[in-house]
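Residue numbers (this note's numbering), protein chains in the order written: chain Z, -13 to 87; chain B, 332 to 820. Even for Gly, the Cβ is constructed at its ideal location relative to N, Cα and C.
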Amino acid sequence: MIEFQNVYLGLSAVLFVIGAIGAITRRNAIVVFMCIEIMLGAVNIVFITFSRANQSVEGIFMVLFVMAVAAAEAAVGLAIFILMYRKRGSLDVERFNLMKW
Amino acid sequence: METLEFVIPALNIKAIMPQIILCLTALIVLLVGVFSGREKNSQLGYLSLMGVALALVSVLLFSGERESAYSGMLLVDGFASFVSLTVCIVTLLTILISINYQKFFTEINSGEYYCLVLFAAFGMTLMGASGNLLMVFLALETMSISIYVLAGYQQGREKSIESALKYFLLGAFASGFLLYGFALIYGATGTLDITKIGTFLNAHPQILHTPLMMGGLALMTVGFGFKVAMVPFHMWTPDVYEGAPTSVTAFMASGVKAAAFAALIRVYFIALDSLQVDWTAVMWAFAFLTMTVGNVIAISQNNIKRMLAYSSIAHAGYLLVGFVAGSQLALTGILFYLLSYAFMNMGAFGVIALLGKQGEEYTELADFRGLGFKYPLMGLAMAVFMFSMAGIPPTAGFMGKFYIFSAAIKSGYIWLAIIGVINSVISIYYYLRVIIVMYFQEAEQEVSMPAPSPAIVVALVLAAAGVLLMGILPSYFWNIAQNSVFTFI
Chain Z
-13 MIEFQNVYLG
-3 LSAVLFVIGA
7 IGAITRRNAI
17 VVFMCIEIML
27 GAVNIVFITF
37 SRANQSVEGI
47 FMVLFVMAVA
57 AAEAAVGLAI
67 FILMYRKRGS
77 LDVERFNLMK
87 W
Chain B
332 METLEFVIPA
342 LNIKAIMPQI
352 ILCLTALIVL
362 LVGVFSGREK
372 NSQLGYLSLM
382 GVALALVSVL
392 LFSGERESAY
402 SGMLLVDGFA
412 SFVSLTVCIV
422 TLLTILISIN
432 YQKFFTEINS
442 GEYYCLVLFA
452 AFGMTLMGAS
462 GNLLMVFLAL
472 ETMSISIYVL
482 AGYQQGREKS
492 IESALKYFLL
502 GAFASGFLLY
512 GFALIYGATG
522 TLDITKIGTF
532 LNAHPQILHT
542 PLMMGGLALM
552 TVGFGFKVAM
562 VPFHMWTPDV
572 YEGAPTSVTA
582 FMASGVKAAA
592 FAALIRVYFI
602 ALDSLQVDWT
612 AVMWAFAFLT
622 MTVGNVIAIS
632 QNNIKRMLAY
642 SSIAHAGYLL
652 VGFVAGSQLA
662 LTGILFYLLS
672 YAFMNMGAFG
682 VIALLGKQGE
692 EYTELADFRG
702 LGFKYPLMGL
712 AMAVFMFSMA
722 GIPPTAGFMG
732 KFYIFSAAIK
742 SGYIWLAIIG
752 VINSVISIYY
762 YLRVIIVMYF
772 QEAEQEVSMP
782 APSPAIVVAL
792 VLAAAGVLLM
802 GILPSYFWNI
812 AQNSVFTFI
C-alpha cells in the first residue's frame, strides 16, 4: 500500500513544483493563472491519495469543494483579465507597474 | 472505504444567526439594486447598514455560549463571537464610509458593491468560527473572492484594476500553498477537524516531526503568511491597498486582518498545539521582520494610502509578537489589538475618503497641507487616529501595544518586546509627519473638501469614540476579550 501512495505523492509534488515555478516565472497573466490551477490539481491528487490511504471520505469532500472554489475563482479572474486587456491591450504581468515603492 | 451514511445534522439556526442575517441582507440588497432605478440607489447603503446592525445585535445576543455546531464544522464560542463583533463593526464603518465615497465614484453606488461587502463580511465571521480545515478554506475563499472584485471596482481607474489583478493572482497562489499544507496534515493525521487533529497529535507524538507534518506546517505558514501580510510574503500589500478604492482598502486592512488572524490562531493553537515549540521559532523571525520592514519602508512613503499599507504590515508584526508569546494573556492582547486597530484604521481611511472630487481623490501627503486649520474637526479626528496608531496614550493603540508587549515579556520574549518598542518609536516619525503636514505647512494648491454626508460624520465619530474609549477605559474591553479567550482553549 505504501508503494501506490508514494507514486501519487511524487506525482503531485512534481506537479505542484511545476505550477509554482510557472506561476513565478511566466509573464502572461493567463498562463500564470493556469499554473495556479495546476497547483490546485496537485493538491487534489494529495487529498484523494490520503483519502484512500486513511480510509476516510473527508479528503474526497475537500476535493469537490476545491474544484468548486477554483471554478468561482476562474470566473472572477477571467473577468479581471478582460478588464485589464481592454484597458492596457496586454496581459504581461511585468508591465503592471503603475505603482512602485 | 467507509460507507456514506446520510444524516441530516440538527439545524442549529442560533449558532449561525449573524451569518444568516448578513447573507440574507446581501441577497436582498442585490435584488433591490437590480429592480430599483439609479436614483433610488442611495437607499442601498442604508439598507445594508440595517442588516449589519441586526447581525451585530444577534452577535451580542448569542455570545457567551460555547457549542460546536454542524458536526464540528463550526465552533461557536466566545472567540468566534469576538471576531464576529470586530468584523461587524468594521463592516458597519465601511458601509458608512462608502455612502459618502459613492459621491465621487458613482460606480460604487450599486447593489453589487454592498452585496459583495456583506458577503465578504459573511466569510470573515465564518473564518473566526470555523472548526474544520475545510471550513477555514471555504470561509477564506468566500471572503477573498468578494474582495478581489471589490478591489477592482473602479473600472475606470487603471490602478484599481491593477490592484485587483495583483491581489487575485497572489491570493490564488497563496491558496494553493495553504491547501497543500492542509492536504499534508490531513495525510499525517487522517482528519480535517481542527479539534481532532489536536487530540490526535497529542496522542501520537511520534508523528510530530515526520516530513509530512513539517512540510504541512511550512506550506500552511506560507499560505497564511500571504493572507496576513507577514514580511517575506507582503509584497502585494502596498500595491493592492494603494490601488483599491479607499473604502475597500479600509475594509481589507481591518477586516481581512482580523479574520485571517482568527483563523491562524484557531489552526495553530488548537490543531498544531503540540508543535508550538517548532512554529514559535519561525514566527519569532517573522514577527521581527514584519515589524521592522513595515516600519522602515513606511518612513519613505509619500502617498498616504501606501504609508498606511506599510503601517498595516507593521501592525501585523505587533500582532505576531502576541502570537509568539502564546499565553492566554497574549491571545487576549491580540483580540484587544484587533478591535482597537479596526477603530483607528477605519477612522484614518475614513478621513482620507473625505477628500475627493468626481472620479479623483487626493491621497498624496502633500495634499494634506494646511488642512488641519481649514477643517479643524477633520484635522482633530486624523490626529486622534494617528496618535493611536503610533501608540501614544490615552488612545486604544497604546493600550493594545502595552498588553501585547507585556504579555511577551511575561512569556520570556524580552528581546522581541524590546524590538517591538523600538519599532513603535520609529513609527511615531511617520505618523506624526501627517499631523505636521496638516498643521504646520502651507497649502500650495487648494484642496477643498466637499460637504460630508451625515453617514461619514457618524462613522468618524464612532471610530474616534472607540479609539478614545478603548484607551481610557481599557479594562471593560479587556474583560470582554479575556472572557472570549477563556472559553476558547
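Exercise. Is the CB of Z/Trp87 under 7 Å away from at least one CB in chain B?
Worked result: Walking along the first sequence from the start, residue 87 of chain Z turns up at place 101. With a pLDDT of only 41 at Z/Trp87, under the threshold of 50, the placement of this residue in the model should not be trusted; the figure read from the coordinates follows. With 7 Å as the cut-off, Z/Trp87 counts as an interface residue toward chain B.
Exercise. Quick one: does Z/Asn(-8) have its CB under 7 Å from some CB of chain B?
Worked result: Translated into positions along the first sequence, residue -8 of chain Z becomes position 6. No, its Cβ sits nowhere closer than 7 Å to a Cβ of chain B.
Exercise. So who's on the other strand from B/Asn634, going by DSSP bridges?
Worked result: The residue you call residue 634 of chain B lines up with position 303 of the second sequence. B/Glu695, per the DSSP bridge assignment.
For this session: Determine the direct distance from the alpha carbon of B/Leu515 to that of B/Asp609, and round the result to whole angstroms.
Result: Residue mapping note: residue 609 of chain B aligns to position 278 of the second sequence, counting from 1. Residue mapping note: residue 515 of chain B aligns to position 184 of the second sequence, counting from 1. Rounded to whole angstroms, B/Asp609 to B/Leu515 spans 17 Å at the Cα level.
Problem set entry | Buried or exposed (CB count within 10 angstroms, at least 16 for buried), Z/Met53 | If you number the first sequence from 1, residue 53 of chain Z lands on position 67. Label assigned to Z/Met53: exposed.
Problem set entry | Beta carbon proximity, Z/Val29 to chain B, threshold 7 Å | As a first step, residue 29 of chain Z is located in the first sequence; it is residue number 43 there, counting from the start. Cβ-Cβ to chain B under 7 Å: yes for Z/Val29.
Exercise. Which whole-angstrom value is the C-beta distance of B/Val383 and B/Leu423, which I expect to be below 8 Å?
Worked result: If you number the second sequence from 1, residue 383 of chain B lands on position 52. If you number the second sequence from 1, residue 423 of chain B lands on position 92. Yes, B/Val383 and B/Leu423 are in contact; Cβ-Cβ is about 5 Å, under 8 Å.
Exercise. Could you give the distance in angstroms between the alpha-carbon of B/Ile347 and the alpha-carbon of B/Gly442?
Worked result: For the purposes of this step, residue 347 of chain B is taken as residue 16 along the second sequence, with counting starting at 1. For the purposes of this step, residue 442 of chain B is taken as residue 111 along the second sequence, with counting starting at 1. When rounded, the distance between both Cα atoms is 24 Å.
Exercise. Grouping DSSP H, G and I as helix and E and B as strand, with all else coil, what is B/Glu775?
Worked result: Stepping through the second sequence from its first residue, residue 775 of chain B is reached at position 444. Reduced to three states, the DSSP call for B/Glu775 is coil.
For this session: Would you give the residue range spanned by the beta strand (DSSP E) that B/Val407 belongs to?
Result: The residue labelled residue 407 of chain B in the question sits at position 76 within the second sequence. B/Val407 -> beta strand (DSSP E) spans Leu405 to Val407.
For this session: Kindly indicate if chain B contains any beta-carbon less than 7 Å away from that of Z/Met48.
Result: As a working mapping, residue 48 of chain Z is identified with position 62 in the first sequence. Closer than 7 Å: yes.
For this session: For B/Ile492, decide whether its Cβ has a neighbour in chain Z, counting only Cβ atoms nearer than 7 Å.
Result: One-based indexing of the second sequence puts residue 492 of chain B at position 161. Yes, B/Ile492 counts as interfacial toward chain Z.
For this session: Closer than 6 Å by C-beta to B/Ala560: which residues in its own chain qualify, once you throw out the five before and the five after it? Chain order, please.
Result: Here residue 560 of chain B refers to the residue found at position 229 of the second sequence. Excluding residues within five positions, the ones whose Cβ falls inside 6 Å are Thr568, Ile644 and Ala647.
Exercise. Below 7 Å between beta carbons: does that hold for B/Ala629 and B/Met622?
Worked result: Within the second sequence, residue 629 of chain B is the residue found at index 298, counting from 1. Within the second sequence, residue 622 of chain B is the residue found at index 291, counting from 1. It is not a contact, given that the beta carbons lie outside the stated cut-off.
Problem set entry | Assigned secondary structure, B/Ser461 (DSSP; H/G/I helix, E/B strand, else coil) | What you label residue 461 of chain B is simply residue 130 of the second sequence in a count that begins at 1. DSSP places B/Ser461 in strand when its eight states are reduced to three.
Exercise. Comparing the C-beta of Z/Leu69 with each C-beta of chain B, is any distance below 7 Å?
Worked result: On the first sequence, position 83 is the one that residue 69 of chain Z refers to. Yes, because at least one Cβ of chain B sits closer than 7 Å to the Cβ of Z/Leu69.
For this session: Taking 8 Å as the threshold, find out whether the stretch -8 to 10 of chain Z comes into contact with the stretch 26 to 40 of chain Z through three or more Cβ pairs.
Result: yes
Problem set entry | Beta-bridge partners of B/Asp524, as assigned by DSSP | Translated into positions along the second sequence, residue 524 of chain B becomes position 193. Beta-bridge pairing links B/Asp524 to B/Asn463.
Problem set entry | Cβ shell of B/Asp604 (< 6 Å), same chain only, five flanking positions each side left out | Along the second sequence, one-based indexing puts residue 604 of chain B at 273. The residues are Gly529.
Exercise. Within the 7 Å Cβ cut-off, does Z/Ile66 reach chain B?
Worked result: Counting from one through the first sequence, the residue named residue 66 of chain Z turns up at place 80. Closer than 7 Å to some Cβ of chain B, the Cβ of Z/Ile66 qualifies, so yes.
For this session: Would you mind sorting Z/Tyr71 into buried or exposed? The rule is 16 or more other CB atoms within 10 Å of its CB.
Result: Taking the first sequence and counting its residues from 1, one reaches residue 71 of chain Z at position 85. So Z/Tyr71 ends up on the exposed side.
Problem set entry | C-beta neighbour in chain B for Z/Ala58, strict 7 Å | By 1-based counting over the first sequence, the position of residue 58 of chain Z is 72. Yes, Z/Ala58 counts as interfacial toward chain B.
Exercise. Counting only beta-carbon atoms, is B/Glu489 nearer than 7 Å to chain Z?
Worked result: Indexing the second sequence from 1 puts residue 489 of chain B at position 158. With 7 Å as the cut-off, B/Glu489 counts as an interface residue toward chain Z.
Exercise. Per DSSP, B/Ala400 is paired with what?
Worked result: Walking along the second sequence from the start, residue 400 of chain B turns up at place 69. In DSSP, B/Ala400 forms a bridge with B/Leu405.
Exercise. Just the Cα atoms here: how many angstroms apart are B/Thr577 and Z/Ala39?
Worked result: Here residue 577 of chain B is taken as the residue at index 246 of the second sequence, counted from 1. Here residue 39 of chain Z is taken as the residue at index 53 of the first sequence, counted from 1. Answer to the nearest angstrom: the Cα atoms are 49 Å apart.
Problem set entry | Limits of the unbroken alpha helix (DSSP H) element including B/Lys434 | In the second sequence, counting from the first residue as 1, residue 434 of chain B sits at position 103. Run containing B/Lys434: none; DSSP gives neither H nor E here.
Exercise. Taking the alpha-carbon positions, what's the B/Met709 to Z/Leu50 distance?
Worked result: As a working note, residue 709 of chain B is residue 378 in the second sequence. As a working note, residue 50 of chain Z is residue 64 in the first sequence. Rounded to the nearest angstrom, the two C-alpha atoms are 50 Å apart.
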